[in-house]
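The letter at position 31 of the sequence shown is residue 30 when you use numbering that gives the first Met the number 0, and the numbering goes up by one with no holes.
Think of the CB as a built atom: it goes at the ideal place given N, C-alpha and C, for glycine as much as any other residue.
This report refers to the structure that appears directly beneath it.
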Amino acid sequence: MSYSSANLDRNIPGLHFADMQSGMNTVDHMDKHFSAFNFLEYMASLDFKVREGFVEQYEGTISLEVVYKYTRPKVVPVAQLHPLHKNIYKISGWAGYKPDADRWTRIPYFDLKKIGQFLWCSISRKVQVKDFQTLAWLAQVHYIFQRTDGDNLEDYYFLDTHVEFELDPLQSKFPSLADNHIFLCIAPINITIIDRKTYFSFNNPSYIWSSSPDGSEALSHDMVKALGLPSLTPYIHCMKGIGSGLIHQAAAEYMKYKGFDPSTQDYAQSQGYPLFEILPSASQDDDHFETVKDDNDQPVGLHKAA
């Protein structure tokens with residue numbers, strides 16, 4: 000359930016001062032007029048949009064149904080969500096360009112100079128009615144934290160609805176070329192289903208330079224270097240987990256007032272929220288992941304080794 004200011008009843012009666020001294024009375028008063036926990040979801044979404052400086056880079060594969068823990072200098076998966084419904088995702092075009100029928104995106108070099116310093120596309124989850132995924136995260140973040148040797152709650156990611164793929168040039172400016180028949184051909188984002196979870200990753204290679212619009216005449220490495228064409232570095236950029244420490248603490252206090260232990264999944268189960276599963280400790284080590292490859296022997300994601 001989404002929450003907006005329209006859910007607030009402007010005629011909600013005020014609390015007496017004596018009742019304000021009791022957290023239980025305050026929570027009960029709120030719950031009589033609107034869902035206090037859904038209000039926390041609303042506040043978490045606002046907090047997620049305005050926070051700055053929390054962008055990290057994650058290379059390899061990423062899923063919006065997995066919780067990641069930032070264990071400097073790497074990010075490891077620690078839990079996975081079992082959604083109530085099959086998630087539907089939308090991938091935007093690179094720099095607004097629509098992909099061709101083969102899902103490759105082809106951009107004339109002349110246009111690249113107008114686009115800017117880097118190229119990006121976003122992957123977003125279509126939020127279905129009553130999927131409760133953000134609420135599930137708020138209700139179980141302390142459960143996940145306690146069972147994954149957490150030191151700092153701010154090191155946990157649950158992306159839920161949005162992630163960005165970027166191709167960043169190693170040089171600040173694109174050289175001027177007399178030949179306009181140069182094209183950047185960007186490979187489609189790989190989509191891999193593993194254990195009913197959707198994973199996204201860059202193709203390998205993630206792009207090619209070509210002298211033909213269909214990408215059939217790829218430029219050699221020496222030719223790319225001679226022309227001064229930039230090398231593009233693939234990054235997956237993601238915002239740290241939804242909700243700040245204050246929001247998570249408020250959620251924990253709310254569950255305590257309702258008689259639930261925040262370090263368990265009891266409250267989530269009582270509300271019918273989708274549940275998170277803690278991944279085996281072995282899966283938190285990169286050595287315990289196998290590379291999944293397509294028919295052309297290209298890596299498309301990671302799979303937990305047996």
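Subject >> Residue from Phe164, Glu163, Gln139, Val162 with nearest C-alpha to leucine 152 >> reply: As a first step, residue 152 is located in the sequence shown; it is residue number 153 there, counting from the start. Nearest option by C-alpha distance: Gln139.
**OP:** Output the residue ranges of the beta strand (DSSP E) runs that lie fully inside the region 128-171 and measure 3 residues or longer, sorted by chain position.
**Re:** 161-168
Original post:
At least one CB of chain B closer than 8 Å to the CB of threonine 104: is that the case?
Top reply: This model lacks chain B altogether; it includes just one protein chain.
**OP:** From the DSSP output, in three-state form, read off aspartate 8 for me.
**Re:** Indexing the sequence shown from 1 puts residue 8 at position 9. Interpretation of aspartate 8 is limited by its pLDDT of 47, a score under 50 that renders its predicted location unreliable; the figure taken from the coordinates is listed afterwards. Looking at aspartate 8 - three-state DSSP - the assignment turns out to be coil, as it is neither helix nor strand.
Original post:
Start and end of the beta strand (DSSP E) containing glutamate 276?
Top reply: For the purposes of this step, residue 276 is taken as residue 277 along the sequence shown, with counting starting at 1. Taken as a continuous stretch (DSSP letters only), the beta strand (DSSP E) holding glutamate 276 covers 275-277.
Original post:
Would the beta-carbon of alanine 249 fall within 8 Å of that of proline 261?
Top reply: Position 250 of the sequence shown holds residue 249. Position 262 of the sequence shown holds residue 261. Cβ atoms of alanine 249 and proline 261: not closer than 8 Å.
Subject >> Beta-carbon proximity list for serine 121, same chain, < 6 Å, skipping 5 on both sides >> reply: Here the question's residue 121 lines up with position 122 in the sequence shown. Within the same chain, serine 121 has close Cβ partners Ser91, Glu163.
**OP:** Excluding the 5 residues preceding and the 5 following methionine 325 in the sequence, name in chain order all residues of the same chain whose CB lies nearer than 8 Å to its CB.
**Re:** Given a span of 0 to 305 for the chain in the structure shown, any question on residue 325 remains unanswerable.
Subject >> Proximity below 8 Å, CB of isoleucine 277 to CB of valine 77 >> reply: Taking the first residue of the sequence shown as 1, we reach residue 277 at position 278. Taking the first residue of the sequence shown as 1, we reach residue 77 at position 78. Yes, the pair counts as a contact, with Cβ atoms nearer than the cut-off.
Original post:
DSSP state of lysine 257, grouped into three classes?
Top reply: As a first step, residue 257 is located in the sequence shown; it is residue number 258 there, counting from the start. Lysine 257 carries a coil assignment under DSSP once its states are collapsed to helix, strand and coil.
Original post:
With 16 as the cutoff for other CB atoms within 10 Å, does phenylalanine 182 come out buried or exposed?
Top reply: In the sequence shown, residue 182 corresponds to position 183, counting from 1. Phenylalanine 182 comes out buried.
Original post:
For isoleucine 188, which residues of its own chain have a beta-carbon under 8 Å away from its beta-carbon, when the five flanking residues on both sides are left out?
Top reply: Reading the sequence shown from its first residue, position 189 is the one you call residue 188. The residues are Ile90, Cys120, Ile122, Phe164, Phe199, Ser200, Phe201, Asn202.
Original post:
Would the region 141-148 and the region 210-221 be scored as touching if the rule is three or more Cβ pairs under 8 Å?
Top reply: Taking 8 Å as the limit for Cβ pairs, the verdict is that the region 210-221 does not touch the region 141-148.
Original post:
Which parts of the region 188-262 are runs of the alpha helix (DSSP H), unbroken and 4 residues or longer, counting only runs that do not cross its ends?
Top reply: 220-226, 244-256
**OP:** With DSSP collapsed to three states, give me the class of tyrosine 266.
**Re:** In the sequence shown, counting from the first residue as 1, residue 266 sits at position 267. Here tyrosine 266 sits in helix by DSSP.
Original post:
Helix, strand or coil: how does DSSP classify phenylalanine 117 here?
Top reply: Position 118 of the sequence shown, counted from the first residue, corresponds to residue 117. If DSSP states are grouped into helix, strand and coil, phenylalanine 117 belongs with coil.
**OP:** Taking only the alpha-carbon atoms, compute the straight-line gap between isoleucine 185 and tyrosine 67 and give it to the nearest angstrom.
**Re:** Here residue 185 refers to the residue found at position 186 when the sequence shown is read from its first residue. Here residue 67 refers to the residue found at position 68 when the sequence shown is read from its first residue. Going by the C-alpha atoms only, they are around 27 Å apart.
**OP:** Identify every residue that forms a DSSP beta bridge with phenylalanine 182.
**Re:** Walking along the sequence shown from the start, residue 182 turns up at place 183. DSSP lists Pro107, Ser209 as partners of phenylalanine 182.
Original post:
What is the DSSP secondary structure of proline 76, counted as helix, strand or coil?
Top reply: Residue 76 sits at position 77 when you count from the first residue of the sequence shown. Proline 76: strand per DSSP, three-state reduction.
Original post:
If you run the structure through DSSP and keep just helix, strand and coil, what is lysine 112?
Top reply: Taking the sequence shown and counting its residues from 1, one reaches residue 112 at position 113. Helix, per DSSP.
Original post:
Do the CB positions of phenylalanine 117 and asparagine 179 come within less than 8 Å of each other?
Top reply: Sequence index remark: in the sequence shown, residue 117 carries index 118 (1-based). Sequence index remark: in the sequence shown, residue 179 carries index 180 (1-based). No, the Cβ-Cβ distance between phenylalanine 117 and asparagine 179 is not below 8 Å.
Original post:
Along the chain, where does the beta strand (DSSP E) that runs through valine 65 open and close?
Top reply: Here the question's residue 65 lines up with position 66 in the sequence shown. From DSSP, the beta strand (DSSP E) with valine 65 extends over 65-70.
**OP:** Under 8 Å by Cβ, that's how I've got lysine 125 and isoleucine 87 pegged, so tell me the actual separation to the nearest angstrom.
**Re:** As a working note, residue 125 is residue 126 in the sequence shown. As a working note, residue 87 is residue 88 in the sequence shown. That belief holds up - the Cβ atoms of lysine 125 and isoleucine 87 are roughly 4 Å apart, short of 8 Å.
Original post:
Sorted by chain position, which residues of the same chain lie with C-beta nearer than 8 Å to histidine 247's C-beta, five sequence neighbours on each side aside?
Top reply: On the sequence shown, residue 247 is found 248 positions in, with the first residue counted as 1. Excluding the 5 residues flanking it on each side, histidine 247 has same chain C-beta neighbours closer than 8 Å at Leu137, Val140, His141, Leu152, in chain order.
**OP:** Could you check which residue in Trp103, Asp194, Gly271, Cys237 has the C-alpha nearest to that of tyrosine 156?
**Re:** Residue numbering aside, residue 156 sits at position 157 when the sequence shown is read from its first letter. Residue Cys237 is the option with its Cα nearest to tyrosine 156.
Original post:
What distance in whole Å lies between the Cβ atoms of leucine 176 and tryptophan 208, which are believed to be in contact at a cut-off of 8 Å?
Top reply: Taking the sequence shown and counting its residues from 1, one reaches residue 208 at position 209. Taking the sequence shown and counting its residues from 1, one reaches residue 176 at position 177. The beta carbons of tryptophan 208 and leucine 176 sit about 11 Å from each other, so the pair does not count as a contact at 8 Å.
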